[in-house]
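All the letters of the sequence shown, read from the start, carry residue numbers 46 to 244 under the numbering used here.
Built from N, CA and C at the ideal position, the CB exists for glycine as well.
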Amino acid sequence: MKRVFIGFVICLLLLNCAKKEEKAIIKNKPYIISYEDKELEKYYDSLAVHPPSTKGFFYGESQLIIDKKGNLYFYQREHFLALCSYGSENDTLPHFLHLEPKDIIRIPPKNLTDFLSENILVKEKNRQILIIASQNDTIKNPSFFEFLNTKNIGTYFIRRTTQEEDTVLRYKNNQSRHVYYYPDSIKWDKTKIKLPNNK
Numbered sequence: 046m047k048r049v050f051i052g053f054v055i056c057l058l059l060l061n062c063a064k065k066e067e068k069a070i071i072k073n074k075p076y077i078i079s080y081e082d083k084e085l086e087k088y089y090d091s092l093a094v095h096p097p098s099t100k101g102f103f104y105g106e107s108q109l110i111i112d113k114k115g116n117l118y119f120y121q122r123e124h125f126l127a128l129c130s131y132g133s134e135n136d137t138l139p140h141f142l143h144l145e146p147k148d149i150i151r152i153p154p155k156n157l158t159d160f161l162s163e164n165i166l167v168k169e170k171n172r173q174i175l176i177i178a179s180q181n182d183t184i185k186n187p188s189f190f191e192f193l194n195t196k197n198i199g200t201y202f203i204r205r206t207t208q209e210e211d212t213v214l215r216y217k218n219n220q221s222r223h224v225y226y227y228p229d230s231i232k233w234d235k236t237k238i239k240l241p242n243n244k
């Protein structure tokens with residue numbers, strides 16, 4: 046009887062370990078931006094009452110960028126309270142931010158959870174919004190998934206990086222430190238970014 050009981054406990058432990066491993070794989074499956082955008086659009090189309098559109102919502106107060114190599118970067122913009130619509134929901138192009146290489150900081154992957162917790166989760170609940178931008182269509186970064194799975198962040202949006210973010214990141218990571226970033230000397234693609242009227 047004792048052997049049967051010990052055998053039963055061992056089987057139970059082995060089955061339980063297999064379930065935990067299966068959950069971890071599902072929890073950290075790659076996030077494919079284009080696929081998830083299509084699925085979200087299908088879901089919104091199926092609703093009788095459509096939720097507010099996130100179209101034209103490219104930037105928030107806090108942005109996390111994941112580059113092609115999986116490196117993590119962060120930058121913030123000034124918070125402003127929009128009490129009424131000013132037409133941004135009709136924009137299909139991101140606005141030019143005047144972002145500089147010095148504005149973007151690199152985050153070590155092992156510090157991502159603590160860094161984002163200290164910079165986002167300490168804000169008022171309505172300001173706990175994170176915009177996640179990736180240079181790749183597929184996100185596989187385990188640190189990113191760990192943060193999303195362990196912290197209760199109010200709202201987050203995932204999108205591809207903008208032309209300005211890509212350009213500024215390229216200058217920030219330039220191995221030759223003798224190249225300076227002058228946004229006025231760059232030929233911006235006006236089909237990918239909305240420049241100020243004087244540009």
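Under 9 Å between C-beta atoms of residue 108 and residue 176: yes
Run through DSSP, which three-state label would residue 201 get? strand
Pick helix, strand or coil for residue 237, following the three-state DSSP scheme. coil
Cβ neighbour criterion (16 or more within 10 Å) applied to residue 178: buried
In the DSSP assignment, what are the bridge partners of residue 117? 111, 152
Suppose you measure from the CA of residue 195 to the CA of residue 230; what does that come to, to the nearest Å? 43 Å
Can you check which of these residues, 209, 239, 202, 161, is closest to residue 188 by C-alpha distance? Checking every option, the nearest Cα to that of residue 188 belongs to 161.
If you measure between the beta carbons of residue 120 and residue 149, is that distance less than 9 Å? yes
In DSSP terms, what residue 76 is bridged to: DSSP, once it has assigned bridges, lists 184 as partnering residue 76.
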